[in-house]
Amino acid sequence: MMAYIRNKYSDSDILIQRKIHVFFWSLLVLLGGSLLYLSYQLIARSHYAQDFLYLFLAIGLLVTALLLLVNGKFFFSSFLILTAALIPLTALVWMGVTLNELKLYNMAFLQSIGILFAVLIATRAWQIVLYGLGAQVLCGAFLLLRLLPAASGETFPYWSTFVVVLIVLTMETLLAYFVFFLLNRTLMETKYMAEHDENTGLPNGNRLRLDLAHSMKSGIENQVHFYRIENYKELLLNYGMQNLIETVESIAEIISIENGSEVYRLSTDLLGLFFSDTKCTASQCMEKTLKLFEAPLTVNDINVRVQLRGAKLRHSAIEKSMSANYSRGQLALYQAEKENKQFVLYEKNSENLWKDRLNLFHELFDAVSEGRFSIVYQPIFTRERTVAAVESLSRWTNNKGEAISPDVFIPMLEETGLMNDYFLMMVRKVLEDIKQFRSLQGDFPVFINLSPELINYHFDFNRLMELLETSRIPAEKVGFEITESAMLHNDDDTDSVMQLLKSRGFQLALDDFGTGYSNLTRILNLPFNKIKFDRSFLTGMIKDPKYAELLEVLISYLSNSSYKTVIEGVETEEDFSLLKGFGCHEFQGFLLARPVPPEELKL
């Protein structure tokens, strides 16, 4: 019956298995308890039967214990004997049988023998089981022949006694076996759940730690690979959890087949594996593996494009602690991301880079809380080279006096959740500078860059309006530049924030147009005042005349749609003249003005 249950249900149906196990265990305990009590009543009617039972079980136990000692399992079995012998005693006392009637030692030995045979059967030590059973039968036959003449004419119920003992022994053995089986089954299920991912069934970090430690003990020089799914969140949003789970399973299968090694799921978006260091060179295996994902995967008739990034630990960099290996893998992945590489090999200086980054995080936190950022302004000019607007740009110098690029500290602000505090600090500083500009007859809007991360998750509109009301600056004198990449994120959040800003009178400009591949129709449906073309259009015109044709068409189309067009990166008179001929409205670049502190801005 239990074999049928195991075949019927898969490992994922653990709760169903446990309920069925409890039902059968309870049924067998009730049946076994009843037969045990009946057997005791039958045996207790004869004085000789009591002695027979005691010696029969004592000698049988001794022989079986010696056999177990030879097999090396004596300690474990003895522990089971001592702990399990009290179970039927407690049950019989509860049923009203006194300890004097019970003959404590007899029943304890009876239970012990059952447990011993259950352990032997469960461990499949069939030879010892046969030896133990043979010893029991021989001892029983010898004792029957010895006790029978001493009955002094009394009728001795040796057949009934022998049959009852065998019945009780068999029931105890079966009960103990099922208890052992259920316990073993539960332990196996618990072990499986602890060492495997719940969703995919892939082995997890616990299993990797054990397998890697075992391999290292064997003296094998291994290398550990980590693969991170870079677009995990995007896949989840686009295809749903079930398709994502199957995608992860497909990725793991491909990596496993390519490298001939089991793949472990270490976190939602991180996979790992290890194999012999002699199998391939430092970059050979990983490079070949990553090339397999250049084409999209097919999951449930859906083409899924996966973006993977890899990191590798040499044998010399592998530690006994899996957490240390995991940290080193994360460091290498971070380094690969910052260097825009598909994979990197972990080096010892990676830890120094990570420490420097942590120190920079601490300094950045202090800089935001203390407002230690400076602002420079770069004007935007009309066709007549008068100032049409000004863009504000933040600058930060760390404690070592090093200028940290916005390309470095802006992503760090987004990672740490400090972007909202940083943004409000920038708004306060810009509003103060606008007051100064207006006092000098500089009546033009000042634009502030608005992060996509801030728009989608942490935008504090109420606090922004409080700052504006306190400064008494008209909203139309403040503008916000939003990068085209923001259009690729949460549409509803982005649209609602932009509509809210527009409704309060703020000016809006789309920044870096042409780099995010957003839908032109979607852009035209949003309340932008200006469209700023990325400098890549100008560099593209030098290499390919088609860029110039495309730029002219876009400028014409947007101008006819009531948008002002702005070109970034204007550095030569030729560019300026050409763009004027295309009909562009405003221009920004080093030809006209560089970013300068507020006191140096020429109005």
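Number 147 in full-length UniProt numbering belongs to position 147 of the sequence shown; there are no gaps in the numbering. Backbone N, C-alpha and C fix where the C-beta goes; we use that ideal spot for every residue, glycine too.
Using DSSP with H/G/I as helix, E/B as strand and the rest coil, what is residue i?
i: I257; result: helix
i: K564; result: strand
i: P379; result: strand
i: S392; result: strand
i: H214; result: helix
i: Q330; result: helix
i: L202; result: coil
i: K312; result: strand
i: L551; result: helix
i: L591; result: coil
i: V368; result: helix
i: A135; result: Residue confidence is low: A135 scores 47 on pLDDT, short of 50, so the model does not pin down where it sits. Its coordinate-derived value is still stated next. In the structure shown, A135 sits in a helix (DSSP, three-state: H, G or I).
i: N300; result: coil
i: residue 628; result: No information on residue 628 is available, as it lies outside the stretch 1 to 603 that the chain covers here.
i: Y264; result: strand
i: E573; result: helix
i: E384; result: coil
i: I318; result: coil
i: L440; result: coil
i: Q223; result: strand
i: I128; result: Below a pLDDT of 50, predicted positions are generally treated as unreliable, and I128, at 47, falls in that range; the measurement from the model is reported next regardless. Helix, per DSSP.
i: L413; result: helix
i: R228; result: strand
i: G240; result: helix
i: A295; result: coil
i: G272; result: strand
i: L345; result: strand
i: E586; result: strand
i: N462; result: helix
i: S451; result: coil
Using beta-carbon positions only, say whether residue i and residue j come within less than 8 Å of one another.
i: A509; j: F587; result: no
i: V368; j: L418; result: yes
i: I375; j: K429; result: yes
i: V408; j: L467; result: no
i: F381; j: V390; result: no
i: N300; j: E246; result: yes
i: V248; j: R265; result: yes
i: P445; j: K400; result: no
i: F437; j: A475; result: no
i: I455; j: T494; result: yes
i: S394; j: K435; result: no
i: G260; j: F274; result: no
i: T539; j: D511; result: no
i: P598; j: D433; result: yes
i: L551; j: M541; result: yes
i: L212; j: M286; result: no
i: L202; j: V263; result: yes
i: R463; j: L524; result: no
i: V497; j: F459; result: yes
i: L431; j: I404; result: no
Note down, in chain order, each residue of its chain lying with its Cβ closer than 6 Å to the Cβ of residue i, except the 5 sequence neighbours on either side.
i: V570; result: F576, F587, G589 and L591
i: L579; result: I567
Excluding five sequence neighbours on each side, which residues of the same chain lie with their C-beta closer than 8 Å to the C-beta of residue i?
i: L82; result: The predicted position of L82 is uncertain, since its pLDDT is 40 and thus under 50; a value taken from the coordinates is nonetheless stated next. Contacts found: none.
i: L500; result: F461
i: A336; result: R309, G310, A311, Q342, F343 and V344
i: T572; result: L591
i: V306; result: I229, N231, L235, T247, I251, F293, P296 and L297
Go through its chain and collect everything with a Cβ distance to residue i's Cβ below 7 Å, but skip five positions before and after it.
i: V596; result: V376 and Y377
i: C584; result: I555, T565 and I567
i: N206; result: A194 and E195
i: T268; result: Y232
i: F361; result: M412 and T416
i: L292; result: I254 and E258
i: N243; result: V299, N300 and I302
i: E453; result: E414 and M419
i: S327; result: none
i: S250; result: L297 and V299
i: F513; result: E484, I531, K532, F533 and D534
i: I220; result: S276
i: F582; result: L551, E552 and I555
Do residue i and the ligand GDP come close, with the Cβ less than 7 Å from some heavy atom?
i: G371; result: Among the ligands in the structure shown, none appear at all, so the ligand GDP cannot be discussed.
Pick out the complete alpha helix (DSSP H) segments inside the region 469-548, 4 residues or longer, and give them in chain order.
-> 491-503, 520-524 and 536-543
Mind the definition here: the region 556-571 touches the region 525-540 only if three or more C-beta pairs lie below 8 Å; say whether that holds. yes
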